[in-house]
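Protein sequences appear in the order of chains A, B, C and D. Numbered by our numbering, the letters in the first sequence go through residues 1 to 324 in order. Numbered by our numbering, the letters in the second sequence go through residues 325 to 648 in order. Numbered by our numbering, the letters in the third sequence go through residues 649 to 972 in order. Numbered by our numbering, the letters in the fourth sequence go through residues 973 to 1296 in order. Think of the CB as a built atom: it goes at the ideal place given N, C-alpha and C, for glycine as much as any other residue. Nothing here was measured: the structure is a model prediction, and the numbers come from that model. One structure is given below, encoded as structure tokens.
There are 4 protein chains.
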Amino acid sequence: MAGSNSTQRLRDLIDTGFGSNSSVEGGRLINSDGSTNLRKRGIPFWERISLFHTLLRMRPGKFFLLVLVAYTSINLFFAGLYLWAGVEHLVGGDQALTFPQKFMEAFFFSSQTITTVGYGRVAPSGIITNFIASTESLIGILSFAVMTGLIYGRFSRPRAYLLFSSNILVAPFQGGKALMFRIASYKNNNLTDAEAQLTLALHVLENGKTVTRFYPLKLEYSKVNSLAISWTIVHPINEESPLYNYTKDQVAQSKMEVIVFIKAFDDHFSNIVQQRTSYTWQQVVYGAKFLPMFERAENGAYTLLELNKINLHELLELPAKVEN
Amino acid sequence: MAGSNSTQRLRDLIDTGFGSNSSVEGGRLINSDGSTNLRKRGIPFWERISLFHTLLRMRPGKFFLLVLVAYTSINLFFAGLYLWAGVEHLVGGDQALTFPQKFMEAFFFSSQTITTVGYGRVAPSGIITNFIASTESLIGILSFAVMTGLIYGRFSRPRAYLLFSSNILVAPFQGGKALMFRIASYKNNNLTDAEAQLTLALHVLENGKTVTRFYPLKLEYSKVNSLAISWTIVHPINEESPLYNYTKDQVAQSKMEVIVFIKAFDDHFSNIVQQRTSYTWQQVVYGAKFLPMFERAENGAYTLLELNKINLHELLELPAKVEN
Amino acid sequence: MAGSNSTQRLRDLIDTGFGSNSSVEGGRLINSDGSTNLRKRGIPFWERISLFHTLLRMRPGKFFLLVLVAYTSINLFFAGLYLWAGVEHLVGGDQALTFPQKFMEAFFFSSQTITTVGYGRVAPSGIITNFIASTESLIGILSFAVMTGLIYGRFSRPRAYLLFSSNILVAPFQGGKALMFRIASYKNNNLTDAEAQLTLALHVLENGKTVTRFYPLKLEYSKVNSLAISWTIVHPINEESPLYNYTKDQVAQSKMEVIVFIKAFDDHFSNIVQQRTSYTWQQVVYGAKFLPMFERAENGAYTLLELNKINLHELLELPAKVEN
Amino acid sequence: MAGSNSTQRLRDLIDTGFGSNSSVEGGRLINSDGSTNLRKRGIPFWERISLFHTLLRMRPGKFFLLVLVAYTSINLFFAGLYLWAGVEHLVGGDQALTFPQKFMEAFFFSSQTITTVGYGRVAPSGIITNFIASTESLIGILSFAVMTGLIYGRFSRPRAYLLFSSNILVAPFQGGKALMFRIASYKNNNLTDAEAQLTLALHVLENGKTVTRFYPLKLEYSKVNSLAISWTIVHPINEESPLYNYTKDQVAQSKMEVIVFIKAFDDHFSNIVQQRTSYTWQQVVYGAKFLPMFERAENGAYTLLELNKINLHELLELPAKVEN
């Protein structure tokens, strides 16, 4: 059995995509928020990141703060230029006498220019000030175009909005046992044609060196037509599983990590959405099964999905023979 | 026969995606407009809905009303701020003497600021009023960006624009009978590679408890290359069907529901579009067949599709042996 | 042979998607620009068309004209409102004495408001005029959002940009003959994973009634990895073809139509693009083959694709036995 | 063996999509940046290019310059119109006496109009000047809509961001040898379901004429689930390969070109992204293998991908028998 299991393992190395030669990696591979625990080096920072997508993924508060900072900075910069060109070329603002007054007029004139509100109480005259204002209003229009793109991009970025159970259970399953975790869609969208892909990462000793080996995990069902309620994803730990005969200790020693990739078609975005996460050996609960997380509404007219129960499980005995 | 039918049922449970453990649901599963008859609980309301998509799906009139309300509210709010800062800092508006006059100047100055129209008859002076106006114009620009995104998103949201017959018929079919309903595309778009997926939901007694069981329904043709005219979707009620030997009463008792999911490629959006609906046992017409809904134009030059005839059917006898 | 051919035909009826019951259609099915020769009736006009997509597909000149007409109309409408409210409430425009002068001030004030340019030489005063102006500037902003969406939608609408040969040839092919036409991509984009789907429509007499029958046409190659140069799409007229043993006269009598549907992945749009057309029996050239439409550049450094040669063919004899 | 190899070649001609009749091409087929080495002729230039996509693909600096040039040109044009209509109709700008002063007022009034900033120190009066200004502000709004579309389109254009090794190696592989090159994703995105497609182009003598023949190249793995780290794409040069028994000289003589097409699903864009390149016979390194380009970080907490090492390889002996 050990022999056939090894063969199995070799065969299973195929197509995990983490590279058959990726044997010297460090730490966890995928963080639980789905990002890769990977750093890139060797090309300049600005070529390595996608600024647009970084701005799309930023938290709303941070994004809004950044907009405020940029707006203030650009106004400060142009206020400086108008002061340098002379406040006397800002008709209506030229009565300002003290520096703070001058600065204020220049600063707010800048803000009126960049937003194209242009009240005109203060207005540019002279070629230099006019040139600066003309350039600033163009920059304003371009920034606004960028802004519109960013805001639309933020709104329309397809996301899966999936909730994952915080533990992965080793539960009794068809006389044996199985790895199980649970997902649910928590927004008012509809996911169809959902597909799950699990990759197991084990850090094992080979020829005295710790290398990371990857195995695809076979699922009871890897696809469902609709992800309306909740979906318990089940990997049976049978003879075909790379985890067959693995003890709790071996799981911990090998720093087991289960990389989860979910893909579905979302009717909100009319696009494929996806979400990743990973469970590490610390998140495994041995001998437990999930309890229902939905129920019939009291009046029987609809189904009630209780999202806060996604991790609800009860402990129980595992079949003795299998845990060896 | 009953035996093989049960086996069939068990096998058919696979992959419907409504969850093999979803046995305690309430009421209809899918509403006829395609939304899920499901409520979610356990996480805050704002995390449960997608505001952007809610605004995209809102009816045009309601959406426009919401825009008006938001526009008025924000102007009222800023009018309050300008009044608080002092109308004397609104140059040109400072001749207003009575409170209603002051309020009016502040309110309309606000609207001129947020839309960036900025006539300038009324213009801000002083650091506080200028600061408020500068912030308001930024908010204006950002709101406009949001607006542009929402309006573009509303227009460009892929939708299937399918009309469904209001009844599902039990019609004679190849010596036996079949479930049939009809769809047609009612807009000037072209749907290709259309695909239909039907799931049957039956509420049955198992061990003294009512549970919901799901079965995929096999179709005569589940795909068509083009959805130019109309498509009659046919589920033959033969030995492979979970409805084989089901009587009218059993259909009603089990509160039968047929969940319909249509997917196609749309040349308008160059995207996959989809639409869902469901038929309940009350919508079944026993012994009927659809009548044609298109005809050659009088001059023979084109085909005329009559959308108001989508549900047109005539009653007829069903094969006696089958209805038992 | 006739017998097996009939069987073939029956089998081939499957899955063309024009409906197995579409036997009473009129005229050509697909126009050569790819639109469907179909009219819809029975639901109101505005529900039958997609305004957004009609505006996206409109020719640029017509679209720009429509924008101009809308801009002028809306300004005329608001000019009327300002005149009704009294030009004396347009500060700066109130010196106008004659009606044409008043109208001009009102009209151009409206244009300054709706574009949010708001110079302010003319500015609103009084609650009614201010209210109208405030509403107009909101409408301006919303229209602009619509405009931005339309213009972006027009630019970014995935299109295949394919040129089709204007004739479909019956050419000698592998000892027999074949239907052939040619396509080429004429823009600076790259099409990959291209796929062709041909449906044959024949109007035949059945039980004394003219009905339309549809058959998928098998292709030599229905997919190519890349559509870099040109692609000659070939349907061999062999024993499997519904056109086997069809004479020229039969083709004409049956008003043969070949419906062509091309689908490919476009790197410009990073999306699937598609184009349809159809060839009728009048466009068939019997006994002809295409001549090359590309050549090595004089200096040998690149390939030159000559798009004006797409229909270039020479006449030749067809194998005698087959034309019967 | 030579015989079966020829048969193989004939069979392999199928489905490369470069056209089975593309025998008279010139030079390299695909440039290393992925563009096609192809020129099109026979239809007007403007119909041959997609202006929108050309602007999307333009380098940022060039794009910004173009915007500046367009902004200046349109202001010069409208300045001319205002001068022609008479500066005396620009209220506030009418004190300008010399031509340069007049021109300046007209030019900056134009820039205030097209950006819709409209300070109003200078404002139009009279029907002609008002009409020009009204038209210009409409053009301004439309240009801005175009701008927004372009900028959003530039940001959101799906791109693969792949780095390719600059050489393609002939490396020892499973007792024989194989063609190998390496790719890595260099941005902070995640690519999944990656797929590689290789097409070999050989210029060979047939009947005394040089023709180009295309062959798909079979890969060890043509798909990987995730492209997290780096992917070495391997074509084994075994009996099934069209390059089997090809000597270095033959490779050079036939001006071998390997056309590479990579496709993957990108989580940033939630879309399929793709990238093409090609390797010519000059880029082949005989007898070499790639060295690792990633390592465990010093603290062991993450993996470090060193992008500058993508082409790092060491020279070594190839199995003697195979190189004949």
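| Item | Value |
| --- | --- |
| So if I threshold CB-CB distances at 8 Å, which residues from the segment 1168-1200 of chain D count as touching chain A? | 1193, 1195, 1196, 1197, 1198, 1199, 1200 |
| Between which two residues does the beta strand (DSSP E) containing residue 605/B stretch? | Segment: none, residue 605/B is in no beta strand (DSSP E) and carries neither H nor E. |
| Using a Cβ-Cβ cut-off of less than 7 Å, list which residues of the segment 567-599 of chain B approach chain A; keep chain order. | 585, 595, 596, 597, 598 |
| Please list, in chain order, the chain D residues whose beta carbon lies closer than 9 Å to that of residue 954/C. | 1012, 1013, 1014 |
| Going along the chain, which residues of its own chain have a beta-carbon closer than 7 Å to the beta-carbon of residue 1254/D, five neighbours each way excluded? | none |
| Report yes or no: do three or more beta-carbon pairs, one from the segment 438-454 of chain B and one from the segment 409-423 of chain B, lie closer than 8 Å? | yes |
| From residue 421/B to residue 429/B, what does the alpha carbon distance come to, in whole angstroms? | 11 Å |
| Are the beta-carbon atoms belonging to residue 511/B and residue 683/C less than 7 Å from one another? | no |
| Closer than 7 Å, CB to CB, is residue 558/B near chain C or not? | no |
| Residues of the segment 445-465 of chain B with a CB closer than 8 Å to any CB of chain D: list them in chain order, please. | none |
| Decide if residue 750/C is buried, meaning its Cβ has at least 16 other Cβ atoms within 10 Å, or exposed. | buried |
| Between the segment 134-150 of chain A and the segment 1081-1092 of chain D, do three or more beta carbon pairs fall short of 8 Å? | yes |
| Residues in its own chain within less than 7 Å of residue 157/A by CB, not counting five upstream and five downstream? | 56 |
| At a CB-CB cut-off below 9 Å, which residues of chain B make contact with residue 696/C? | 510, 511, 512, 631 |
| Output yes if chain B places a C-beta closer than 7 Å to the C-beta of residue 747/C; else output no. | no |
| Could you tell me which of 1230/D, 1231/D, 1247/D sits nearest to residue 913/C, measuring between CA atoms? | 1247/D |
| Starting from the beta carbon of residue 1089/D, find every residue of chain A whose beta carbon is closer than 7 Å, and list them in chain order. | 113, 116, 118, 137 |
| Which complete beta strand (DSSP E) runs does the segment 463-532 of chain B hold, if anything under 3 residues is left out? | 486-488, 492-497, 500-509, 515-530 |
| Quick check on the burial criterion: 16 or more other C-beta atoms within 10 angstroms. Buried or exposed for residue 1203/D? | buried |
| Note down the Cα distance separating residue 1003/D from residue 79/A, rounded to an integer number of angstroms. | 48 Å |
| Provide the residue(s) that pair with residue 231/A in DSSP beta bridges, ordered along the chain. | 183/A |
| Would you mind sorting residue 823/C into buried or exposed? The rule is 16 or more other CB atoms within 10 Å of its CB. | exposed |
| When you compare only the Cα positions, how much space is there between residue 1171/D and residue 1140/D? | 14 Å |
| In terms of alpha-carbon separation, which member of 803/C, 818/C, 737/C lies closest to residue 938/C? | 818/C |
| Once DSSP output is grouped into helix, strand and coil, what is the label at residue 866/C? | coil |
| Going along chain C, which residues have a C-beta under 8 Å from residue 472/B? | 792, 793, 796, 797 |
| Anyone know if the C-beta pair for residue 631/B and residue 619/B falls short of 7 Å? | no |
| Just the chain A side, please: which residues come within less than 9 Å of residue 1137/D by C-beta, in chain order? | The contacting residues do not exist; residue 1137/D stays about 13 Å from chain A at best. |
| Can you pull the chain B residues whose beta carbon is under 9 Å from the beta carbon of residue 192/A, in chain order? | 341, 521, 585, 587, 598, 600 |
| Taking Cβ to Cβ, would you say residue 796/C is nearer than 7 Å to residue 472/B? | yes |
| Using 7 Å as the threshold, is the C-beta distance between residue 910/C and residue 830/C below it? | no |
| Would you list the residues sitting across from residue 919/C in a DSSP beta bridge? | 914/C |
| Do you know how far the Cα of residue 849/C is from the Cα of residue 63/A? | 57 Å |
| Could you give the C-beta distance for residue 278/A and residue 121/A, rounded to a whole number, given that I count them as a contact under 8 Å? | Wrong, their Cβ atoms sit about 59 Å apart, outside the cutoff. |
| For residue 1275/D and chain A, any beta-carbon pair shorter than 7 Å? | yes |
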